[in-house]
Structure formats: structure tokens, C-alpha cells
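Asks:
2 protein chains.
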Amino acid sequence: MPMLPPATPGMSLADVDTPALLVDLDAFERNLKRMADAVAKAGVRLRPHAKTHKSPIIGHKQVALGAVGLCCQKVSEAAAMVEGGIRDVLVSNEVIGARKLDRLAALSRQARVIACVDSPLGVEQLAAAAARHGAQVDVIVEIDVGASRCGVAPGQPAVALAQAIAREKHLRFTGLQAYQGRAQHLRTIEERRAAIDEAIARTKTTVSALKAAGLSCDIVGGAGTGTFELEAASGVYNELQAGSYIFMDADYARNKGASGGAFDTFEHALFVYATVMSMTDPARAVIDAGLKTFAFDSGPPIAPDFAGAIYERPSDEHGSLNLSQSNTRPGLGDKVRLIPGHCDPTVNLHDWYVGIRGMSGASPVVESVWPVAARGGVF
Amino acid sequence: MPMLPPATPGMSLADVDTPALLVDLDAFERNLKRMADAVAKAGVRLRPHAKTHKSPIIGHKQVALGAVGLCCQKVSEAAAMVEGGIRDVLVSNEVIGARKLDRLAALSRQARVIACVDSPLGVEQLAAAAARHGAQVDVIVEIDVGASRCGVAPGQPAVALAQAIAREKHLRFTGLQAYQGRAQHLRTIEERRAAIDEAIARTKTTVSALKAAGLSCDIVGGAGTGTFELEAASGVYNELQAGSYIFMDADYARNKGASGGAFDTFEHALFVYATVMSMTDPARAVIDAGLKTFAFDSGPPIAPDFAGAIYERPSDEHGSLNLSQSNTRPGLGDKVRLIPGHCDPTVNLHDWYVGIRGMSGASPVVESVWPVAARGGVF
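Residue numbers (our numbering), protein chains in the order written: chain A, 1 to 379; chain B, 1001 to 1379.
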């Protein structure tokens, strides 16, 4: 059922079929290295989020550079990572329902799987599943550090839940999930710092209250690509869960960096390759990439090779490049690169990564074709 | 690589894993029948669009009720339909590039495949591919009937392109593609009628100009779920390409019908089933279905079983049901049905349809589990 791949290794970029998900391998590898260096320097662990890439191949590259394991958002995603050889996976999201929890508990017989809870019902269901499978599952408590989504309140409510975990024979209290998702795309460093300062305060309070109750946190996890330097320097977070840094999307590029300039710690390494398939008006190039090729929740894609071109009017399989403000214009049949607005849900639309070596050189070539192994892993 | 299915036939609805794409089979079958009856009464042909369902299983049901074949939007989608046993497929979209055209021409050796062009380059590339494969390909010319996306201008430009097709030994001029996509979601019948009157006028002009040049149109195709009655009554369109009527999404339900009341010709037959996996605030149910489960281009999903509930704040794998205005509230662990904002790109996110019999009765049960065979078919 997966689609035939749009390329084969050795092919030149120009011959890749479209729409295709391209990885600029040189930029991607530099991004991997920059994050590995940053966490090593800060003295914290990296557990990158696999919801970005959904690929054990990429996960192994992260582990090779020092990551302690991966985060996943769903059990089916975790299964794809474990089956692909990743030995330590944290499901950073509440799992409710016997079917999913049976799968999680069974998976924990094959690798370390860390589960996340924010309710007594979650503890009860997870303990029952672990018992059914004779498994011992590590569990973290999610606290609300300001995003008002999931997570119990910091302090005593978190302690009560941790104690409920500690009482279960098949569960082991392992720490806290303290991710501030809303902070990631606040545009200025000052806004992000204010949000993360609040998250740090709530997390510190909770770690202290747990300590007073005789419970220690092996994992205090959180952080994303937009804020990881703040959590890394906090003295309380010890595992960073950033994911998007490997690819950098158009929306993250709208953040400002620490000095107020561009957020350029990481490079754009993910592109969609598309073909101009209709051009009855010279100011409008219609391309073969629309709602089924890009996620639009964080804005349209950007065409970096045509300054002034604006992607607009997406429909299922069409998008229009408005070229009225662009001095350089593609022609009918030309292939164009686009930077997705939001990388994670865009990757999830594709079956294959096409890895390009020498993207910015004279002869870019296909080096690898990797499956997006956990694509569709919403269970 | 496809995900394990979320259900098995015979299971009760309540046991289906989430998020899952549910089809209310009773409503779906009534929708199929209503459209079949409407086109039979109008004396036109139906060639439903498979970009909605991407399933030859559903396509065969449409053909069994009289459809002459299917439309597809991409060659890979057409391949999935032909390989699934559909014998007559129209690719209602320009195909540019040797690799795709080789696939199209090769496919036309196995079934009738009708291609669509709007440029001399398109004709030239298609003719070359057909010659390489010793194929004879039926070709239609797309004209711009008011959507300003693809298509040559009506009248003489279309005639010139049709003549270019007719000169090619391996191509056969077969008619016109005249779809007015922008008209489908205009909210009132008056607005839709004005747009389609214009489309009909442009199409009539072109059919006459072709006739004067000695070229006849076997196919004059277009129409969608929002306007099909207008094209059916036009006297010029002879094939309707509606797709969404089988499922009806939340956005089509915002259209007004002919009498100014609700557009209720078709029933909602497609739902996403989701689980409340976090509920730390009684006015906010966090569900396991976000950007990777729904397309949001036409608005958020609707929760029909909880009046006043508002789906908001989607992230990759979370959505929040704001329950502050809702008197009935789901609890933690409950499963809820949601009607997608836009059916086509939502279906494209899933690997499986779970067909439910007796959805509105006391004991809804899983009757079928069908693959979304052409999911990801963007090539």
C-alpha cells in the first residue's frame, strides 16, 4: 500500500518525481551535530522527538550522536521505532484505552518504553495492562507548565499521582513530563523566556515537592526547538525533547534569535519538490502540490529559489505560485523546491524521504531513499 | 508500512481503536443511491471523483450503480484504481514530466485512461510517452470556466489545442474538462448558479467552436457536489465528476440548499472516532486527534453528539473540545465522533476505513475494514 518511491539512489535531483519530500543531507547532518554539541556543552541529555521524522533510520543517527533514546507521541509510532531497533522510547502523551495500553505494555517487553500519565484513571489502566503482560513500565507524570492542554497541576497534585504510580507493582515512577508547547513559536526571545521561566518555576516546585515526599525524578523532560537553550540552562530539566531542529520549517524561521536577528541556529533541510504543471498565465505557476502534500496549519510553504513568489490557493492537488512580484519565474514543466510551513504534519503526508547530497552544489544527487516508517501512526 | 487496522469486522463500535475513520454504511449507501438516481433522472453520466475516497472498493460500488468509471487527480491514484479493477479512469488534471507520463501511458495498456491537457507542451510530452508505449490515449482539453487555475481560455485556444491532439497518431481528442471548483462552496444557490451559468456559457461556446472545426466531444465533464444539479440540467455537460457526496463534510453542510434551507441532499457518512485522553479541566476534553488526523483547511471538525462543543487548538496529535457551552460532556476515556471539515484531505491521512452498520441504532457493529488504497498517491 505505500506508494512507489519517487526516486532511486544515484539519480540526479532533476530526475526525482514530484511531489517528493527532499532532505538536504548536508544541512540535515549539520543540524544533528549542532544540537548534539549544544546539549553536550549544557550537560543535559537529548531525547529527540520522533513525531517530527517518524523514522528509525533518522533516530539511529541521533542516537549515534549521543541521544539517549527517542520521544514518540503515539504507541504505534513507538512500535515503529522499537521494531526499527531503537532501545529506549518515551511516549510523551497520555495513553487511554485497553487496546493501546496492551500494545504499549507488550512493547515494553522488547525495549524500554516510558509512559506518561495525568490522571488516576491513566495510572489504573496502565497498571492493569502492565500486569496482564507481566511487564514493568517506567512512568512519568505530566504537569501543566503553562500550556493549559494536558498535565496535572504542579506541586501536590503531581505528588499524589506519583505516589499512586509508586504503589503499583508493575509501574515505576520515573520523573516528569514538563513540555511548554505554546512557548515554541512565540516570536521574540523575551516572550519565550517569560513562558519558559514560568515552566521552570512550576517544574522546580514539583521536583522539590516530590523530593520531600521521597520520590526522585530520573527524567525531567521537556523543551522544543524554539526554547531548548532555556530549558538546557535551567538546572532542573535534564532531558530535552526537541524534534524540528533536524529540518527547520518556515514557521520556526519566523522566530527571532537571541540577539533579535534571525533564528539561524539550524538550517532548512526539508523541502518539497514540485512540478509546474499548468501555466496559462505567466504570473501564475500552478504546481502539483496542495493540501495532500503540505500541512497548512502554520502557513503556506515558501519558494526559496524565487524571491517574491507567493504560494496561494491550495486545493487537494494544486497550489498556485503567484509570481506577480517575482523577477525570476519558473516555466511550465520546471521543478521547484518549497520549504513547508510546518514540518511534522507535512512529513506525515509522505511515504518516502529522498536524501540529496550536494543540494546547493552543481550536481545534486539522490543518496538515500528512506521510508517514513511511522507515517499514519496516529493510534 | 501501513498501520495495523484499528478494528476487525464483527467488533462493536465502542471497541474500535482511535483515531479511526468511520463510515456510516447506511448513510453512505443512501448517498450513493441518491446521486445515482439524480443523474439517471437528468439523463447524464456519472464519473465520480476517486480523489475523495481513494478506494477501488468504493469505486466498484459506484460503478455497480451506473457510474461509467472514475476520475482521479494523479497518475498514482489512477494506477491504484486500475490495479483494483476499475476499467475506465479519467485523470482530471494536467500531467507533466516523462516519468509520470510513462506510467500513464503504460497504464493505458491495461484499462481506458483519459488524460487532460492545457498546453502544447502537455500534448507533446503525452504523445511522446504514448508512442514509447505503443499506446492510444484518449485526451480531453481543460478549459478555464471561471476558476482561474488551470485550463486554456474557452473558444479558439481550446480548438487549437484540440487540433494539436487530433494531429497526434497516438492521441485521440475526446472532449473537454470544464470544472468550476470555486463554485462548489459558494454558500447560496444564487451565487453558485451565477458561477455555473458562466461556466456553462464558456463550455457551450467551446463545444460549438470545436464542432465548427469538425471536432466532437464525447466527454464534456465537470461539476462537484455543490453544483451538480446545475451542470446536469445544462444541456452541455454530459459527465458529472462529483466526489464528496458519498461522505458529506462539515464544510459542504454550510452550503444552503435550493430553497435557502440546509443543503441536505446527502447525509454525513464519514466520521473520525477519537478518545478523550486528558481532562484535567471539566470544560476541556483533550482528544487524541489533531493535525495528523484531520485536515483543517476548511475549518475544524464538528462533534455532532455534543451540542455546543467546539473543537479548537489542534496540535500534531491533540485537539481540545471546549465544553464551556455544552450541556452534555464526554468524560475521560470516552470515545467521540467528529465530522471532518474537509473530507478528501482527511481521508488521505488514514490507512483504513472502518465501515459501521447500524451507526444510529443501539448496537453499531464493524462490518468492513477497507484500505484507503491510494492514500499518499500524490505522484
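C-beta atoms are modelled at their ideal positions from N, C-alpha and C, and glycine is treated no differently.
Can you tell me whether asparagine 31 (chain A) is buried or exposed? The criterion is at least 16 other CB atoms within 10 Å of its CB, across all chains shown.
Replies: Around the beta carbon of asparagine 31 (chain A), 16 or more other beta carbons sit within 10 angstroms, so the residue counts as buried.
Asks: Could you name the residues of the segment 1242-1274 of chain B whose beta carbon sits closer than 9 angstroms to any beta carbon of chain A, in the order they occur along the chain?
Replies: none
Asks: Which first and last residues belong to the alpha helix (DSSP H) in which cysteine 343 (chain A) is found?
Replies: Here the alpha helix (DSSP H) through cysteine 343 (chain A) covers 343-347.
Asks: Between A:Ala20, A:Phe28, A:Pro9, which lies nearest to histidine 247 (chain A) when the distance is taken from Cα to Cα?
Replies: Here residue 247 (chain A) is phenylalanine; the residue named in the question, histidine, does not match the sequence. Taking only the C-alpha atoms, the option nearest phenylalanine 247 (chain A) is A:Phe28.
Asks: Hey, would you say aspartate 316 (chain A) sits closer than 9 angstroms to lysine 1051 (chain B), going by beta carbons?
Replies: yes
Asks: Just checking my contact of proline 301 (chain A) with isoleucine 356 (chain A) at CB under 8 angstroms: how many whole Å lie between their CB atoms?
Replies: Actually they are not in contact, since the Cβ atoms of proline 301 (chain A) and isoleucine 356 (chain A) sit about 17 angstroms apart, beyond 8 angstroms.
Asks: Taking the alpha carbon of aspartate 1249 (chain B) as the reference point, which residue from B:Val1272, B:Pro1364, B:Cys1072 has its own alpha carbon closest?
Replies: B:Val1272
Asks: Can you give me the Cβ contacts of alanine 295 (chain A) inside the same chain, cut-off strictly under 8 angstroms, excluding the 5 residues immediately before and after it?
Replies: Pro340, Gly341, His342, Asp344, Pro345, Thr346, Asn348, Leu349
Asks: Using a Cβ cut-off of 9 angstroms (strictly closer), state whether phenylalanine 306 (chain A) contacts chain B.
Replies: no
Asks: Would you identify the three-state DSSP class for histidine 318 (chain A), choosing helix, strand or coil?
Replies: Of the three classes helix, strand and coil, the one that applies to histidine 318 (chain A) here is coil, per DSSP.
Asks: From the beta carbon of alanine 1384 (chain B), is the nearest beta carbon of chain A less than 9 angstroms away?
Replies: The structure shown has nothing for residue 1384 (chain B), since chain B only spans 1001 to 1379.
Asks: For aspartate 1264 (chain B), which residues from the same chain have a beta carbon less than 7 angstroms from its beta carbon, with the 5 sequence-adjacent residues on both sides left out?
Replies: Gly1257
Asks: Is phenylalanine 1379 (chain B) close to chain A? Criterion is C-beta to C-beta, closer than 9 angstroms.
Replies: yes
Asks: Are the C-beta atoms of valine 1145 (chain B) and some chain D residue less than 9 angstroms apart?
Replies: Annotation note: the requested chain D is absent from the structure, which comprises protein chains A and B.
Asks: Please report the straight-line C-alpha distance between phenylalanine 1173 (chain B) and isoleucine 1196 (chain B), rounded to a whole angstrom.
Replies: 25 angstroms
Asks: Please report the distance separating the alpha-carbon of alanine 1098 (chain B) from that of alanine 1106 (chain B).
Replies: 12 angstroms
Asks: DSSP puts lysine 1256 (chain B) in a beta bridge; with which residues?
Replies: As a beta-bridge residue in DSSP terms, lysine 1256 (chain B) pairs with B:Ala1262.
Asks: Would you list the one or two residues that DSSP bridges to leucine 1090 (chain B)?
Replies: B:Cys1071, B:Ile1114
Asks: Would you kindly report the start and end of the unbroken beta strand (DSSP E) that includes lysine 1335 (chain B)?
Replies: 1335-1338
Asks: For arginine 109 (chain A), which three-state DSSP category applies?
Replies: coil
Asks: Among A:Leu215, A:Val95, A:Pro371, which residue has its Cα nearest to the Cα of alanine 130 (chain A)?
Replies: Of the candidates A:Leu215, A:Val95, A:Pro371, the one whose C-alpha sits nearest the C-alpha of alanine 130 (chain A) is A:Val95.
Asks: Can you round the beta-carbon distance between lysine 74 (chain A) and glycine 377 (chain A) to whole angstroms, since I take them to be within the 8 angstroms contact cut?
Replies: 5 angstroms
Asks: Listed from N- to C-terminal order along the chain, which residues in the segment 1338-1353 of chain B have their beta-carbon within a distance smaller than 8 angstroms of any beta-carbon of chain A?
Replies: His1342, Asp1344, Pro1345, Asn1348, Leu1349, His1350, Asp1351
Asks: Using a threshold of 9 angstroms, state whether the C-beta atoms of leucine 1013 (chain B) and methionine 1359 (chain B) are closer than that.
Replies: It is a contact, given that the beta carbons lie within the stated cut-off.
Asks: In three-state DSSP terms, what is histidine 49 (chain A)?
Replies: strand
Asks: If I'm right that glycine 175 (chain A) touches isoleucine 219 (chain A) with Cβ under 8 angstroms, what's the distance once you round it to whole angstroms?
Replies: 3 angstroms
Asks: Closer than 9 angstroms, CB to CB, is serine 324 (chain A) near chain B or not?
Replies: Not closer than 9 angstroms to any Cβ of chain B, the Cβ of serine 324 (chain A) fails to qualify, so no.
Asks: Does DSSP classify proline 2 (chain A) as helix, strand or coil?
Replies: coil
Asks: Specify whether the segment 1031-1044 of chain B and the segment 111-125 of chain A touch according to this definition: at least 3 beta carbon pairs, one from each stretch, less than 8 angstroms apart.
Replies: With the cut-off at 8 angstroms, the segment 1031-1044 of chain B and the segment 111-125 of chain A do not touch.
Asks: For proline 371 (chain A), which of A:Ala209, A:Leu21, A:Gly243 has the nearest alpha-carbon?
Replies: A:Leu21
Asks: Have a look at B:Leu1101, B:Ser1148, B:His1133 and flag the residue whose alpha-carbon is nearest the alpha-carbon of glutamate 386 (chain A).
Replies: For chain A, the structure presents residues 1 to 379; residue 386 (chain A) sits outside this window and is missing.
Asks: Taking the alpha carbon of alanine 1201 (chain B) as the reference point, which residue from B:Leu1186, B:Asp1088, B:Gly1235, B:Phe1228 has its own alpha carbon closest?
Replies: B:Gly1235
Asks: Tryptophan 352 (chain A) to alanine 160 (chain A), Cα distance in whole Å?
Replies: 44 angstroms
Asks: I'd like to check one pair, proline 19 (chain A) with proline 5 (chain A): are the Cβ atoms closer than 9 angstroms?
Replies: no
Asks: Taking Cβ positions only, does alanine 111 (chain A) come closer than 9 angstroms to chain B?
Replies: With 9 angstroms as the cut-off, alanine 111 (chain A) does not count as an interface residue toward chain B.
Asks: Are glycine 226 (chain A) and glutamine 241 (chain A) touching if we call contact CB-CB under 9 angstroms?
Replies: no
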